[in-house]
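Just so it is clear: in the sequence shown, position 96 is 96 by the working numbering, and no numbers are missing.
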Amino acid sequence: MADAPKTPTAPAGGAPTAVEAAGLAPITVRAQYLKDLSFENPGAPQSLMQMTQAPNVQINVNVEAKKLSDKDYEVTLHIRGEAKQAENVLFLVELAYAGIFFLENLAENLIQPVLLIEAPRLLFPFARTIVAEATREGGFPPLLIQPVDFVALYQQHMAQTRATAPGGTA
């Protein structure tokens, strides 16, 4: 497997660091893989023949990171999509898509944001395609998930963590 080109990036304050200038990326994708995929089509075939209007679709996206070794982390992108028409479930799709990320020469305070923002940004296009194809193969139009703001998701996670921490405000 060929390595992706490494582009030095400037930190918020200015010039690239020595590691970045040397072309070494602080994050490397070691692997990407499907952990779990479930598609339920409980009303088929009747639900496919009686669709008269667009269904109500709810999508939930969550990110989980787990340390595997000193510099290796598994990041899992969980996507759940449910389509209903009135009270009838048309389909339910659940996906856990993961990657193993190697982090090197990264400041300790940047590890969590990289794992919960940058890693899922890299995984999302692949997960989105899997969900779209699963719903299409289930007899429905492809469920095309809009881009996710992983920064806002991370900020929400941090706010919830602070609120539930001892001394935090709820």
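Every residue, glycine too, gets a C-beta built ideally from N, C-alpha and C.
query: Nearest candidate by alpha-carbon position, reference Val89, set Gln46, Arg30, Glu104; result: Gln46
query: Residue range of the beta strand (DSSP E) that includes Glu64; result: 56-67
query: Burial state of Tyr73, where buried means 16 or more other Cβ atoms lie within 10 Å; result: buried
query: Supposed close pair Ala98, Thr76 - CB separation, criterion 8 Å; result: 4 Å
query: Where Ala21 falls: helix, strand or coil (DSSP); result: In this predicted model, Ala21 has a pLDDT of only 42, less than 50, meaning its place in the structure is not dependable; the value taken from the coordinates is given anyway. In the structure shown, Ala21 sits in a helix (DSSP, three-state: H, G or I).
query: Extent of the continuous alpha helix (DSSP H) to which Asn109 belongs; result: 108-113
query: Cβ neighbours of Phe148 in the same chain (closer than 7 Å, five flanking residues each side left out); result: Correcting the residue type first, residue 148 is Val in the shown sequence and not Phe. Here the set comprises Val61, Phe124.
query: Bounding residues of the beta strand (DSSP E) (the contiguous stretch that carries Ile145); result: Note, Ile145: premise wrong, no beta strand (DSSP E); not H, not E.
query: Glu133 classed as buried or exposed, judged by whether at least 16 other C-beta atoms fall within 10 angstroms; result: exposed
query: Residues near Asn41 in its chain [Cβ-Cβ closer than 6 Å; skip 5 each side]; result: Phe91, Gly138
query: Three-state secondary structure (DSSP) of Thr28; result: strand
query: Between the CA atoms of Asn105 and Tyr154 - distance to the nearest angstrom; result: 22 Å
query: Unbroken stretches of the alpha helix (DSSP H), 4 residues or longer, contained in the segment 67-137; result: 108-113, 119-137
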